[in-house]
Amino acid sequence: MHRIQFVCFVVITLMFFKLLKCSGNRHMQPFIVNGKYAKIEKFPHSVYLEMRCWRDYLGAITWELSNCGSSILNQMILLTAAHCLDFCIERGEIVAVAGHENVNKATAIRRVKSILLHENYSDMSFADDIALVFLEESLPLGNTMKRVILTKQNSVGLTAMIAGWGLINDDERREEKTYILRSAPQIVRSNRDCFVPEWRMTGLLCAGSTNINQPRATR
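As numbered in mature numbering (1 follows the signal peptide of the UniProt record, and there is no 0), residues -22 to -1, 1 to 197 make up the sequence shown, in order.
Given below as structure tokens:
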């Protein structure tokens, strides 16, 4: 069993994926969408995760393929969101894809050996939504694969960059995915801007736009 102390920090790389609806703040946009194509050299810590597993969705058991983003902590460990990994009722296979902005042109593909969710993670409040991914083989660090730079403080008011793969619109009837890395600027906001009474903000970062016409994100 892995015993690792988690610390609080801001992770710049996120998945272009549906996240949390800000029901407590009607002005914050609820999804990460849009963005511009980016080269992996600009975000070399970015790693694509592909997960195949059995999932219980409203009582129906289905074999599902899903994907998420992660960041390189070191050659053997990736950092991602706990909610990306907690929905499988029987875990199948997780693969990490790195080294290129186009997933189909990756220079490094690694199987995942094990995962570790934060012990205080809650799928109801999304508190401490963080997890570690342990690889079977090390990643060859270089110009297209580098350790993520972490910060221990929340820089409210500054502009951060997010990068990732996945859904690029918020239309559930016509969902579009990209397998080429995209990035977008996001304003870091105070937790008060994203406050929802039923959620605890422990370990969460509030960022995004109130303008529906801009690339946007949420918690």
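Think of the CB as a built atom: it goes at the ideal place given N, C-alpha and C, for glycine as much as any other residue.
Neighbourhood of residue i by C-beta, 6 Å cutoff - its chain only, sequence neighbours within 5 removed
i	result
Ala86	Ala76, Gly77, Leu117
Gly13	Arg160, Ser161, Ala162, Pro193
Ile127	none
Cα-Cα separation between residue i and residue j, rounded to whole angstroms
i	j	result
Gly186	Ala138	10 Å
Asp101	Glu28	20 Å
Ser103	Cys46	20 Å
Val134	Val166	5 Å
Ile72	Ser92	9 Å
Ala38	Tyr99	25 Å
His96	Arg152	34 Å
Glu154	Gln131	34 Å
Gly144	Asn80	12 Å
Ala74	Glu42	17 Å
Tyr26	Arg170	31 Å
Ala60	Leu136	26 Å
Contact with chain D by residue i, beta-carbon distance below 7 Å
i	result
Met29	Judged by its chain identifiers, the structure shown contains no chain D, having just a single protein chain.
Any non-hydrogen atom of the ligand MN closer than 6 Å to residue i Cβ
i	result
Ser103	Ligands in the displayed structure: none, and consequently the ligand MN is not present.
Cβ-Cβ separation, residue j to residue i (assumed contact under 8 Å), whole Å
i	j	result
Ala109	Leu182	With 8 Å as the limit, Ala109 and Leu182 do not qualify as a contact, their Cβ atoms being about 14 Å apart.
Asn82	Glu19	Actually they are not in contact, since the Cβ atoms of Asn82 and Glu19 sit about 18 Å apart, beyond 8 Å.
Thr58	Ser44	With a Cβ gap of about 12 Å, Thr58 and Ser44 do not count as contacting.
Buried versus exposed call for residue i [16 or more other C-beta atoms within 10 Å across all chains shown]
i	result
Thr129	exposed
Asp106	buried
Asp34	exposed
Arg89	exposed
Sequence-distant residues of the same chain with beta carbon closer than 7 Å to residue i, five excluded per side
i	result
Met123	Pro22, Ile50, Ala76, Gly77, Ala86, Leu117
Spatial neighbours of residue i in its chain, beta-carbon cut-off 8 Å, leaving aside the 5 residues before and after
i	result
Ile55	Leu110, Val111, Phe112, Leu113
residue 215	Coverage of the chain is limited to positions -22 through 197, which leaves residue 215 absent and any answer about it impossible.
Trp32	Ile39, Thr40, Trp41, Glu42, Cys66, Ile67, Glu68, Gly70
- Message: If we require 3 or more residues per run, which beta strand (DSSP E) segments fall completely within the stretch 56 to 120?
- Response: Every unbroken stretch of the beta strand (DSSP E) spanning 3 or more residues and falling wholly within the stretch 56 to 120 is given here in chain order: 66 to 76, 86 to 95, 109 to 113.
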